[in-house]
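Participant:
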Amino acid sequence: MRTKEEDLIKYKDGNLYCELADVWIDPSFPVKRALITHAHFDHFTFGCEEYIATKETAVLLEERIGDNININTFDYCEEFKINGISISFHPSGHILGSSQIRFIFAEEKWLISGDFKIQKDETCKQYEIVKTDYLISECTFGLPIFKWDETDKIANNISEWITNSPEKTSLLFCYSLGKAQRLLNEISQTNFKGDIYSHGSIYKINNCYKQLGIDIKETIKIENKNEIDKHKGNLVLLPPSLIKGTYLKNLKNIQTAFASGWMSIRALRKRSGYDKGFVISDHADWDGILEVVKKSEAKNIFFHHGDSESISKYLIEKESINVLFL
Amino acid sequence: MSLKKFSVLFEDLDSSNSTNNKIEILKTYFLSNKPIDNSWAIYLLTGKSNKRFVSGKYLKNLYSKIYKYPPWLIDTCYLKVGDSAEVITLLLKNENRANKKKLNNISLNYLLSETLPELSKLNEEDKNLVIKKIWETLPEENLLVFNKILTGTFRIGVSVGLITRSIAKLINIDEEIISHRLMGDFKPSIDSYNFLVNKNINLEELNSKPFPFLLANTFEEKIFKHSINDFQFEWKYDGIRIQLIKRSGNVSLWTRGQELVNESFPELVEKMSTIKDDFVLDGELLVWNFKEKIALDFTSLQKRINRKSPTRSIQIKYPIIFIAYDLLEINGSDIREIKLENRRIKLEKYFSKWQNRTDNNISDIFKICDLIYPKDWKDALIYKEKSRKNNTEGLIIKKKDSIYTSGRKKGIWWKYKVDPMQLDAILIYAKGGSGRRAGLYTDYSFALWKDQELIKFASAYSGLTDIEIKELDKWIRKNTIERFGPVRSLKPEMVFEISFDKIQISKRHKSGIAVRFPRITKWRKDKKIKDADRIENAYELMKIIS
Chain L
1 MRTKEEDLIK YKDGNLYCEL ADVWIDPSFP VKRALITHAH FDHFTFGCEE
51 YIATKETAVL LEERIGDNIN INTFDYCEEF KINGISISFH PSGHILGSSQ
101 IRFIFAEEKW LISGDFKIQK DETCKQYEIV KTDYLISECT FGLPIFKWDE
151 TDKIANNISE WITNSPEKTS LLFCYSLGKA QRLLNEISQT NFKGDIYSHG
201 SIYKINNCYK QLGIDIKETI KIENKNEIDK HKGNLVLLPP SLIKGTYLKN
251 LKNIQTAFAS GWMSIRALRK RSGYDKGFVI SDHADWDGIL EVVKKSEAKN
301 IFFHHGDSES ISKYLIEKES INVLFL
Chain E
1 MSLKKFSVLF EDLDSSNSTN NKIEILKTYF LSNKPIDNSW AIYLLTGKSN
51 KRFVSGKYLK NLYSKIYKYP PWLIDTCYLK VGDSAEVITL LLKNENRANK
101 KKLNNISLNY LLSETLPELS KLNEEDKNLV IKKIWETLPE ENLLVFNKIL
151 TGTFRIGVSV GLITRSIAKL INIDEEIISH RLMGDFKPSI DSYNFLVNKN
201 INLEELNSKP FPFLLANTFE EKIFKHSIND FQFEWKYDGI RIQLIKRSGN
251 VSLWTRGQEL VNESFPELVE KMSTIKDDFV LDGELLVWNF KEKIALDFTS
301 LQKRINRKSP TRSIQIKYPI IFIAYDLLEI NGSDIREIKL ENRRIKLEKY
351 FSKWQNRTDN NISDIFKICD LIYPKDWKDA LIYKEKSRKN NTEGLIIKKK
401 DSIYTSGRKK GIWWKYKVDP MQLDAILIYA KGGSGRRAGL YTDYSFALWK
451 DQELIKFASA YSGLTDIEIK ELDKWIRKNT IERFGPVRSL KPEMVFEISF
501 DKIQISKRHK SGIAVRFPRI TKWRKDKKIK DADRIENAYE LMKIIS
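Protein chains in written order, with the numbering used here: chain L, 1 to 326; chain E, 1 to 546.
1. Along the chain, which unbroken stretches of the alpha helix (DSSP H) at least 4 residues long are found entirely within the region 104-179 of chain E?
2. Any idea which residues DSSP pairs L:Ser88 with across the strands?
3. Going by alpha carbons, who is nearest to E:Phe496 out of E:Ile481, E:Ala514, E:Thr521?
4. Would you identify the three-state DSSP class for E:Ile66, choosing helix, strand or coil?
5. What residue range does the alpha helix (DSSP H) around L:Glu218 cover?
6. From E:Lys415 to E:Arg516, what distance separates their C-alpha atoms?
7. Does the beta carbon of L:Pro240 come closer than 9 Å to any beta carbon on chain E?
8. From the beta carbon of E:Glu86, is the nearest beta carbon of chain L less than 9 Å away?
9. Report the three-state DSSP secondary structure of E:Leu91 (helix, strand or coil).
10. Is the CB of E:Cys369 under 9 Å away from at least one CB in chain L?
11. Comparing alpha-carbon positions, which option in E:Phe298, E:Leu214, E:Ser16, E:Ile345 lies nearest E:Gly257?
12. Where do the N-terminal and C-terminal ends of the beta strand (DSSP E) with L:Cys139 fall, by residue?
13. In whole angstroms, what is the alpha-carbon distance linking E:Lys4 and E:Ile106?
14. Under 7 Å, CB to CB, which of the residues in the region 10-26 of chain L have a partner in chain E?
15. Should E:Asp174 be labelled buried (16 or more other beta-carbon atoms within 10 Å of its own) or exposed?
16. Going by CA-CA distance only, name the one from L:Cys208, L:Ile214, L:Leu235, L:Lys210 that's closest to L:Ile220.
17. Looking at C-beta atoms only, is the number of pairs between the region 275-288 of chain L and the region 466-475 of chain E that lie closer than 8 Å three or more?
18. Which first and last residues belong to the beta strand (DSSP E) in which E:Asp326 is found?
19. At a cut of 8 Å, does the region 55-69 of chain L reach the region 198-209 of chain L through at least three beta carbon pairs?
20. Quick one: residues in its chain with C-beta nearer than 6 Å to the C-beta of E:Lys209, no 5 flanking neighbours on either side, listed in chain order?
21. Could you spell out the range, first to last residue, of the alpha helix (DSSP H) harbouring E:Arg619?
22. Quick one, which residues of the region 67-96 of chain E are near chain L if we go by CB-CB under 8 Å, in chain order?
23. Between E:Thr19 and chain L, is the shortest Cβ-Cβ distance under 9 Å, so that the two count as touching?
24. Under the assumption that E:Glu204 contacts E:Asn250 (Cβ atoms under 8 Å), give the Cβ distance between them as a whole number of angstroms.
25. Cβ atoms of E:Val160 and E:Glu259: under 9 Å apart, would you say?
26. Output yes or no for whether 9 Å exceeds the beta carbon distance between L:Phe303 and L:Ser296.
27. My guess is that E:Leu285 and E:Phe265 are in contact by the Cβ rule of under 8 Å, so how many angstroms apart are they, rounded?
28. Short of 7 Å in beta carbon distance, which residues of its chain neighbour L:Leu328, apart from the five on each side in sequence? Order them along the chain.
29. For a contact meaning CB atoms closer than 8 Å, what does L:Tyr314 contact in chain E?
30. If we count the other Cβ atoms within 10 Å of its Cβ and call it buried at 16 or more, is E:Thr465 buried or exposed?
31. Compute the Euclidean distance between the alpha carbons of L:Ile316 and E:Ser489, then round it to the nearest angstrom.
32. Which residue from E:Asp126, E:Asn289, E:Asp238, E:Lys502 puts its Cα closest to that of E:Pro518?
33. When you compare only the Cα positions, how much space is there between E:Glu329 and E:Lys456?
34. For L:Lys179, is the classification buried or exposed, using 16 other Cβ atoms within 10 angstroms of its Cβ as the cut-off for buried?
35. List the whole-angstrom C-beta distance separating E:Val87 from E:Ile74, where the pair is believed to meet the contact cut-off of C-beta under 8 Å.
36. Could you confirm whether any beta carbon from chain L is found closer than 9 Å to the beta carbon of E:Ser554?
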């Protein structure tokens, strides 16, 4: 995406920056003042002088960075001002605490979507439609081949996958923050009633969620990884980084699956080395992005993260919306 | 069998990466279904049905027309997915098919023997209507299999070998017997399935069974200590290893992959049948330049390997030869336990007459492997280097007093390959891969310096590890200068060591040279582009070898 020098929010050194307020949004390097949309590792960095986020994101950030950081929190929809610029967080439905950030200056509204999804997720606040003049949206899954099924359907598929192999331990790989808790919530509402084990990195986040008042099923922390394959007929949640390397070595009678939007593409599924893929994402699919673009009533749109060229071209051709890009 | 039932099997097989698991899934399937269903499953999974009813491009255009999608958008999706049938299946999820009545039980038999063959007789409009109607009425879970059958791209990680093994395990019979039964035409029927799983083996089947192959090991320096006279030397041909069997009048050609390839080389089968003796020969099949008495390159051979029932003109254009280097059985007696030097005597005794006589037509398709006689090990090295000139890969060294065992047994046969030639070249273009490599830039073009310019000299897509491919893919996306469709031109910055087996003058290439089997052997992150090789270095290599 390309922004102009006089724009309220612009692209600078690979990051989004509001010069008038001197704030960076999810900066990838230490800055004076950082607005954080959510607590995934690729959206914050260590060493900023001041962090600003929602209360939930703050708790998760402290879990990940340490509690000695300078962090100011605001509720969703609560407006605050920096150098005369009015700023507010709004639910983006991505994970617990995740937000869109709106800027208003001289009656001009700018909205940064953050990572977002429209689909049902009982572990975080539902996406809120926010009207804006300028929209900066992610488009991670900005192609029409990405179309998500209902969450319940996927959860039932996962449940069947486990119960159909009672002689195996089912290892489900998923991002430890957000996806894991959403899956826990969904799977506990299916026919699968066995035990669920979780890797330390996931277990830690589960506790944060509970502390923040989200009711998710209790899991058993994995203490000895060599005994994972003894939990026949049960479910184990692991972060995706463990599919490579030696973690799974010597484990017998296991089946593996990855829960991610990317699993809708067979070539990716095969290449990634999992037996099976479950298509469930915390990002919006093609229709979701188009819906947000329309409902935001934005006259000017920028896309980033993903194949921005295709969705931009499509909106210009088909919907005659002013998309600004390279 | 219904399309629905087959889709379930497809999904099960596709949800596992383990070969043993897949074999179990197939065995269970065969045990729990009727012979007619099983024969349909085998027919589809072994690719016997791989007829293309419409092309992937046709399907994309049709989708674009019906559902008003810009064609460029479908093409972009294809770059991510790498398979037309799958792209259309994913896109169809966007269409509101919810209110249409669903056809749950389309019979595969009807689909493959009526509906789809009929398509070619229809005009475009009617053809489109038929496909559209099926798209609208099929349940979502069956669309992928349908689109794949339609475009004849039914490859799902279940090889013929896997089917063979599953049936073999099911009835406890050797895999070679099942391979033999699966050869040729296979029409799905109760009879054809019952024939496959018949536990009684007839004589003809037994007669076609090959011996396990003896494989060569990589050269070991320690054999220099032995006298050169203990070894037999042959050229290492770059063809396909074949066991040529003739028993009770029937000839069978087996590859090392336990594949019966009679149908690809009918002229060899026909001519060898005229020999009176029964025998089992071990040797190499090549496409041969009869004038210069050297093998043509492997690409010519590829024109023959994958083609069943080659036409007469193909047979003339790519003439084959079988070069025999070992005799394993003669007139019913297994001689694998006698020493190589004695087997060689027998080979010459029974077969040299065929290659020298002019009153038969076997001499133009059959030849005994010539031996080479280096004086000492230094001389052997000189022979090895000569192999570039006669289109061989180096030498094969065999111990004269060895018996013919099976597998890659140490201390019996060695391959002594000539080193590849290498140049350091600069990455200048990248193109997206397809299939398993979809969505990644995996096809690369490399250039050498010519004065101050970069001239493209080779393309390669193998040699990098998965991790390197991902890293390079990231770099490519950040360092693109221009895009032409799926191809990106790149900032010249990355240097790679490219290895290849042969180099020759070529008028077709801008650089004036062509190389054989170029592959990446090292990512030279330590080198700057100014350190890369010049085109003159390539010419130098040509001088050395000619």
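Every residue, glycine too, gets a C-beta built ideally from N, C-alpha and C.
Facilitator: Reading it off the structure:
1. If we require 4 residues or more, the alpha helix (DSSP H) runs fully inside the region 104-179 of chain E come out as 116-119, 124-137, 140-151, 160-171.
2. In DSSP, L:Ser88 forms a bridge with L:Arg102.
3. Out of E:Ile481, E:Ala514, E:Thr521, E:Thr521 has the C-alpha closest to the C-alpha of E:Phe496.
4. Helix, per DSSP.
5. Where L:Glu218 is concerned, there is no enclosing alpha helix (DSSP H), given that its DSSP letter is neither H nor E.
6. Cα to Cα, E:Lys415 sits roughly 20 Å from E:Arg516.
7. No - not a single Cβ of chain E is within 9 Å of the one on L:Pro240.
8. For E:Glu86, the answer is yes, since a Cβ of chain L falls inside 9 Å of its Cβ.
9. Correct three-state label for E:Leu91: helix.
10. Judged by the 9 Å Cβ criterion, E:Cys369 is not in contact with chain L.
11. Distances from the alpha-carbon of E:Gly257 to those of E:Phe298, E:Leu214, E:Ser16, E:Ile345 put E:Leu214 closest.
12. Run containing L:Cys139: 134-139, per the beta strand (DSSP E) assignment.
13. Near 7 Å, if we compare the C-alpha coordinates of E:Ile106 and E:Lys4.
14. From the region 10-26 of chain L, no residue has a Cβ closer than 7 Å to chain E.
15. So E:Asp174 ends up on the exposed side.
16. Ranking L:Cys208, L:Ile214, L:Leu235, L:Lys210 by Cα distance to L:Ile220 puts L:Leu235 first.
17. No, they do not touch.
18. That run of the beta strand (DSSP E) goes 320-330.
19. Judged by Cβ distances under 8 Å, the region 55-69 of chain L makes contact with the region 198-209 of chain L, as three or more pairs qualify.
20. Only Glu176 meet the Cβ criterion.
21. Because residue 619 of chain E is not part of the residues shown, which for chain E are 1 to 546, the question remains open.
22. Per Cβ criterion, the list reads Tyr69, Pro70, Trp72, Leu73, Thr76, Cys77, Lys80, Val81, Gly82, Asp83, Glu86, Val87, Leu90, Leu91, Lys93, Asn94.
23. Residue contact check for E:Thr19 against chain L: no CB pair falls below 9 Å.
24. The Cβ separation is near 6 Å, so the contact holds.
25. The answer is yes: Cβ separation under 9 Å.
26. Going by C-beta atoms, L:Phe303 is not nearer than 9 Å to L:Ser296.
27. Confirmed, Cβ separation roughly 7 Å.
28. Shown here, chain L extends from 1 to 326; a query on residue 328 of chain L therefore has no answer.
29. What L:Tyr314 touches in chain E: Pro70, Leu73.
30. E:Thr465 comes out exposed.
31. Cα to Cα, L:Ile316 sits roughly 27 Å from E:Ser489.
32. Looking only at E:Asp126, E:Asn289, E:Asp238, E:Lys502, the smallest Cα-Cα distance to E:Pro518 is reached by E:Lys502.
33. E:Glu329 and E:Lys456 have their C-alpha atoms spaced approximately 51 Å apart.
34. L:Lys179 is buried by the Cβ-count criterion.
35. Correct: roughly 7 Å between the Cβ atoms.
36. Outside the shown range of chain E, which is 1 to 546, sits residue 554 of chain E, and nothing can be said about it.
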